[in-house]
Amino acid sequence: MLVQPRKIELRDEPELHAPPGGLVVRVRAALTDGTDLKAYRRGHPQMPMPTRFGHEFSGDIVALGEGVSDWSVGDAVMCVHSAPCGSCFWCGRSEQELCASVMSTKILGAYAECIAIPAHIVAQNCYLKPRALPYDEAAFLEPLACVVHSVSYARVRSGDWALVLGDGGFGLLHAQVLSAKGARVILAGRRDERLEIARSFPLECVVDTKVQNLDDLIAAKTDGRGIDCVVECTGSEDVWERAPHYARRGGTVLFFGGLPASASVTFLAHRMHYDEVKLLSPFHFTPSDVRAAHDLLVSGAIEVAPLVTSTFPLHRIGDVFAELDAGRGVKYAIIP
Ligand SMILES: [Zn+2]
């Protein structure tokens, strides 16, 4: 439980029962992510405290709810923590990422021995984990679905130039997904530990913005034209405002890193109008994004293992967040 900012408590709770149509999963790996860190530092509007905590996980089924026939106790599963309702205005328009109840019916509590999965998630966003895929890698299903959704907005063609601003977990995932689509990827960041991971991926260029001039490099690489697809993965206002500057005429900017609710940003209008720079802000994912993320993980098309800095037992969850809070590591795997 996250009971207040920077305070996590482990609590004993009664044994979980599987809801009708749902499952109880014994968590075998849960991953930290940037949203969890934001909630840890300053709270989160979708997570009033005290709250169950953690939402990226995989594990083994230990109980089946009434009416479940497609799954068996002992099956290894990979799933996400939300699913759309299928009947609201947005679901009717195939904008399931905006489903009216997708946030209110999501589950938290992956930093635990067991988690209950409700029927609507089991029916839409739950997959059998192949034996060859380790649990901590299978737990990337949720963040990778967000990235697949984001990249789908950019209509990337083979050979396009993509710029990823930010070297955190989401920046490193975006770089790989864009590269797998044939884009020539430039990743820009500031943290040595993370840039080193980026250099192990098949990217065009990894830029340390502490010492390298990004503008000069982009001009040289693109004949002065600019970037086809810019992705903002830092969640900071100054980088949001800077991002359109890197885009070519007709290019696309994806604002992936969310800002606090009170934030507002300013852009030069002429870039949007006379240069037709498209500004898009992808959020969350749809069931088809989850399926595509599943296929990427299972096929080994992208490498997620290097993003796991290290593993910790559940009772050290407080130490893990202290590490993240201090700016160390990318993602940590909690192994209950
Ligand atoms: Zn809906």
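Under my numbering, the first residue of the sequence shown is numbered 1284, with each subsequent residue one higher. We treat Cβ as the ideally placed atom computed from N, Cα and C, and that holds for glycine.
query, result
"So does the region 1408-1421 actually touch the region 1475-1485, counting three or more Cβ pairs closer than 8 Å?", "no"
"I believe residue 1366 touches residue 1403 by the beta-carbon criterion, under 8 Å. Please report the beta-carbon distance rounded to the nearest angstrom.", "5 Å"
"CA-CA distance, residue 1701 and residue 1551?", "Residue coverage of the chain in this structure runs from 1284 to 1619, which leaves residue 1701 outside it and unanswerable."
"Give, in chain order, every unbroken run of the beta strand (DSSP E) that is at least 3 residues long and sits entirely within the region 1428-1484.", "1444-1448 and 1467-1472"
"Might you give, ordered along the chain, the residues of its own chain that have their beta carbon closer than 6 Å to the beta carbon of residue 1444, omitting 5 neighbours on each side?", "1467, 1505, 1510 and 1511"
"Please go through the region 1296-1339 and give each complete alpha helix (DSSP H) segment of 4 or more residues, from N-terminal end onward.", "1317-1325"
"Between the alpha carbons of residue 1398 and residue 1314, how many angstroms are there, rounded?", "14 Å"
"What are the residues that DSSP puts in a beta bridge with residue 1404?", "Paired residue(s): none; residue 1404 is not in a bridge."
"Whether or not the region 1538-1552 and the region 1334-1350 are in contact is what I'm after, with contact meaning three or more pairs of Cβ atoms, one per stretch, closer than 8 Å; do they touch?", "no"
"Since residue 1596 contacts residue 1618 with CB under 8 Å, what's their CB separation in whole angstroms?", "6 Å"
"Check whether the Cβ of residue 1369 sits closer than 7 Å to any heavy atom of ligand 1, and report yes or no.", "yes"
"Going by the DSSP bridge assignment, what does residue 1632 pair with across the sheet?", "With the chain covering 1284 to 1619 only, the question about residue 1632 has no answer from this structure."
"By DSSP, does residue 1573 sit in helix, in strand, or in coil?", "helix"
"Excluding sequence positions up to five away, which residues of its chain have a Cβ less than 6 Å from the Cβ of residue 1320?", "1607"
"Please tell me whether residue 1363 and residue 1428 are closer than 8 Å, where the distance is taken between their beta carbons.", "yes"
"State yes or no: is the C-beta of residue 1502 nearer than 7 Å to some heavy atom of ligand 1?", "no"
"Of the choices 1423, 1388, 1351 and 1485, whose alpha-carbon is the least far from that of residue 1616?", "1423"
"Have a look at residue 1516 and residue 1453 and give me their C-alpha separation to the nearest angstrom.", "6 Å"
"Could you name each continuous beta strand (DSSP E) segment of 3 residues or more that falls completely within the region 1515-1556, going from the start of the chain to the end?", "1530-1538"
"What number of angstroms, rounded off, separates the C-alpha of residue 1303 from the C-alpha of residue 1531?", "52 Å"
"Report whether the distance from the Cβ of residue 1383 to the nearest heavy atom of ligand 1 is below 7 Å.", "yes"
"Tell me the rounded alpha-carbon separation between residue 1563 and residue 1462.", "20 Å"
"Can you give me the Cβ contacts of residue 1330 inside the same chain, cut-off strictly under 6 Å, excluding the 5 residues immediately before and after it?", "1322"
"Under 7 Å Cβ to Cβ from residue 1350, same chain only, skipping five residues before and after it: list those, please.", "1303 and 1304"
"Short check: CB of residue 1405 to CB of residue 1306, under 8 Å?", "yes"
"Mapping DSSP to helix, strand and coil, what is residue 1495?", "coil"
"Can you name the start and end residues of the alpha helix (DSSP H) that residue 1603 belongs to?", "1600-1608"
"What's the gap between the Cα of residue 1485 and the Cα of residue 1491?", "17 Å"
"Just checking my contact of residue 1437 with residue 1537 at CB under 8 Å: how many whole Å lie between their CB atoms?", "6 Å"
"Compute every distance between the C-beta of residue 1429 and the non-hydrogen atoms of ligand 1, then say whether any falls below 7 Å.", "no"
"For the alpha helix (DSSP H) that contains residue 1418, what are its first and last residues?", "1418-1421"
"Between residue 1373 and the rest of its own chain, which residues show a CB-CB distance below 6 Å, the 5 nearest in sequence each way excluded?", "1381 and 1382"
"Within 10 angstroms of its Cβ, does residue 1498 collect 16 or more other Cβ (buried), or is it exposed?", "exposed"
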